[in-house]
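Line order of the protein sequences matches chains A and B. Be aware that the first sequence starts at 45, since it is given in my numbering, and climbs by one per residue. Be aware that the second sequence starts at 45, since it is given in my numbering, and climbs by one per residue. Encoded as structure tokens, the structure appears first; notes follow it.
Number of protein chains: 2
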Amino acid sequence: MNETPPLSRIQKKNRRAILDAALDVFSQYGFRGTTLDQIAQTSGLSKPNLLYYFPTKEDIHTTLLDELMQDWQDPMRAIDPEGEPLEEILDYVQRKLEMSRDFPRESRLFANEILQGAPQFLDALKGGPRHLFDEKVALFQTWMDQGKLAQVHPQHLIFSIWSLTQHYADFEVQIRIYLGPEGKDPYPEAGKFLRTLFTRMLTP
Amino acid sequence: MNETPPLSRIQKKNRRAILDAALDVFSQYGFRGTTLDQIAQTSGLSKPNLLYYFPTKEDIHTTLLDELMQDWQDPMRAIDPEGEPLEEILDYVQRKLEMSRDFPRESRLFANEILQGAPQFLDALKGGPRHLFDEKVALFQTWMDQGKLAQVHPQHLIFSIWSLTQHYADFEVQIRIYLGPEGKDPYPEAGKFLRTLFTRMLTP
DNA sequence: GTCTATATTAAGATAGAC
DNA sequence: GTCTATCTTAATATAGAC
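Shown next, in the form of structure tokens:
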């Protein structure tokens with residue numbers, strides 16, 4: 045559908061630098077709260093140079109969101125209908141938690157977008173993601189009906205997984221303040237806690 | 045410490061209108077993503093008139109955050125050390141969920157502030173709130189040691205309550221998309237779900 | 001207290017040299 | 001491809017009339 049203009053090595057490198065810097069800033073301040081000056085400064089490129097690689101500020105933002113949508117659902121896709129139900133869900137929780145640990149900026153970019161009313165996502169969310177969600181809801185319901193999982197509201201179960209795992213990225217500042225004087229890594233304990241939580245909730 | 049200039053009725057009314065409009069906009073776009081024009085339009089007042097009531101944009105924002113800090117901890121303060129442990133926690137969860145339902149904009153204002161690194165909150169959070177948090181952590185630990193609650197990491201327990209309840213306000217757009225075609229109120233089912241979750245996790 | 005007009009700076013984007 | 005200079009619009013804030 046699209047032309048595929050071959051990118052030189054330097055082009056790739058600079059596009060990456062811009063997107064990386066933009067992710068830093070957009071994930072913290074949202075689209076409207078972010079300025080090209082900030083992205084320029086963070087990336088080490090000049091402002092006109094940004095606009096040589098991306099026609100507009102919005103285009104940078106959209107590119108980031110598009111990339112995010114590619115990977116963000118991988119953990120849910122990986123839930124295996126043939127697997128052992130509780131283990132499948134615990135593994136899903138673990139994968140989501142690792143996403144928060146390893147890609148906190150992406151999580152916050154997403155959070156910012158939703159907070160602002162998901163202007164870009166609204167349509168995208170109704171498409172593929174919605175279908176995947178419904179599919180896993182049905183799967184969880186089947187497992188519960190077969191007595192392999194305790195009965196809970198399957199949609200809210202998924203919301204709870206998203207909420208509990210993304211919280212460690214989105215509210216990281218707050219977590220660090222409350223976890224005490226010198227912030228050791230909260231993720232190992234978070235993993236243990238969440239494993240306990242979902243095991244107790246879902247064991248039939 | 046401060047002068048207390050008596051406010052006329054019209055002053056109170058206009059200040060309220062401004063703060064209410066500002067809450068609308070700040071909670072959606074964050075401090076930097078919000079413009080005075082938006083607040084002016086939403087409140088129905090002219091832009092110079094905003095600045096008659098509040099010296100700067102920042103002053104409006106700070107006022108909102110200060111008010112928020114007043115009430116935001118009430119649900120946690122209300123946990124009764126003399127009460128029945130599981131019921132106290134379930135009631136706390138319920139109060140937090142009601143805050144999300146009744147004051148979603150406040151929840152999102154808070155979320156935005158944390159996402160942006162909590163520039164205003166950092167110091168405030170280390171003060172009173174931190175003390176209250178530690179006090180309840182100790183209380184939960186006591187209850188667990190007495191065998192009145194199942195053992196879990198008490199700090200992460202509190203994070204989980206915040207996360208699960210605030211999620212319904214902060215990610216409301218997403219929730220509505222996934223809950224289906226015509227969005228009935230998600231809160232009754234959320235309340236039931238969370239009650240089940242915390243009962244199963246915490247029953248000794 | 002509220003308004004119109006305006007000063008001033010910041011921000012997105014472009015022109016054109018190199 | 002990158003830079004300096006600059007255009008244009010938007011945004012915070014102020015002045016001063018009413």
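Beta carbons: idealized from backbone N, C-alpha and C, even for Gly. Since the structure is predicted, the reported quantities are computational estimates derived from the model, not experimental observations.
Query, Result
"Residues in the region 202-221 of chain A having any Cβ partner in chain B nearer than 7 angstroms", "F203, S204, S207, L208, H211, D214, F215, V217, Q218, I219 and I221"
"Proximity test, Cβ basis, 9 angstroms: M113 (chain A) and chain B", "no"
"CB contact check: R174 (chain A) to chain B, cutoff 9 angstroms", "yes"
"Distance between beta carbons of A162 (chain A) and L108 (chain A), contact taken as under 8 angstroms", "At roughly 14 angstroms, the Cβ-Cβ gap does not stay under 8 angstroms, so L108 (chain A) and A162 (chain A) are not in contact."
"Members of the region 187-202 of chain A that neighbour chain B once the beta carbon cut-off is set at 9 angstroms", "A194, Q195, V196, H197, Q199, H200, L201 and I202"
"Element boundaries [alpha helix (DSSP H), containing F203 (chain B)]", "P198 to D214"
"Within chain A, partners of Q185 (chain B) - CB distance below 9 angstroms", "In chain order: nothing, as chain A lies at least about 14 angstroms away."
"Neighbour list for I158 (chain B) in chain A, Cβ cutoff strictly below 9 angstroms", "D214, F215, E216, V217 and Q218"
"Status (buried if at least 16 other CB within 10 Å, exposed otherwise) for E157 (chain B)", "buried"
"Where the region 76-97 of chain B meets chain A: residues whose CB sits under 7 angstroms from a CB there", "R76 and G77"
"Selected residue, minimal CA-CA separation from D146 (chain B), among B:L193, B:D103, B:A213 and B:P129", "B:A213"
"W206 (chain B) CB to nearest heavy atom of the ligand ZN below 8 angstroms", "Summarising the ligand content, the structure contains no ligands, and the ligand ZN is consequently not present."
"Alpha-carbon spacing of A168 (chain A) relative to E126 (chain B), whole angstroms", "50 angstroms"
"Limits of the alpha helix (DSSP H) - the one that D189 (chain A) falls within", "G172 to D189"
"Top-ranked residue by Cα proximity to I221 (chain A), from B:M113, B:F165, B:G224 and B:R152", "B:F165"
"A162 (chain A): contacting residues in chain B (beta-carbon distance under 9 angstroms)", "V217, Q218 and I221"
"Range covered by the alpha helix (DSSP H) that runs through T38 (chain A)", "In the structure displayed, chain A extends from 45 to 248; residue 38 (chain A) sits before or after that span and is not available."
"Distance, G191 (chain A) Cα to T78 (chain A) Cα", "50 angstroms"
"Whole-angstrom C-beta distance between F154 (chain A) and L112 (chain A), which should lie under 8 angstroms", "6 angstroms"
"Pairwise C-alpha distance: L201 (chain A) and L141 (chain B)", "16 angstroms"
"Reference V137 (chain B); option with closest CA among B:Y96, B:R149 and B:D118", "B:D118"
"Span separating the alpha-carbon of Q210 (chain B) from that of E179 (chain A)", "26 angstroms"
"Minimum Cβ-Cβ distance from G227 (chain A) to chain B less than 9 angstroms", "no"
"7 angstroms CB neighbourhood of T86 (chain B) in its chain, flanking five on each side removed", "A65, D68 and V69"
"Limits of the unbroken alpha helix (DSSP H) element including Q138 (chain A)", "P129 to D146"
"Any chain A beta carbon closer than 9 angstroms to A65 (chain B)", "no"
"Three-state secondary structure assigned by DSSP to E126 (chain A)", "coil"
"Neighbour list for E233 (chain B) in chain A, Cβ cutoff strictly below 9 angstroms", "H197, Q199 and H200"
"Span separating the alpha-carbon of L130 (chain B) from that of P232 (chain B)", "20 angstroms"
"Chain-ordered residues of the region 107-131 of chain A with a beta carbon less than 8 angstroms from chain B", "none"
"Min CB distance R152 (chain A) to chain B below 9 angstroms", "yes"
"Chain A residues whose Cβ lies nearer than 8 angstroms to that of Q72 (chain B)", "L159, Q160 and G161"
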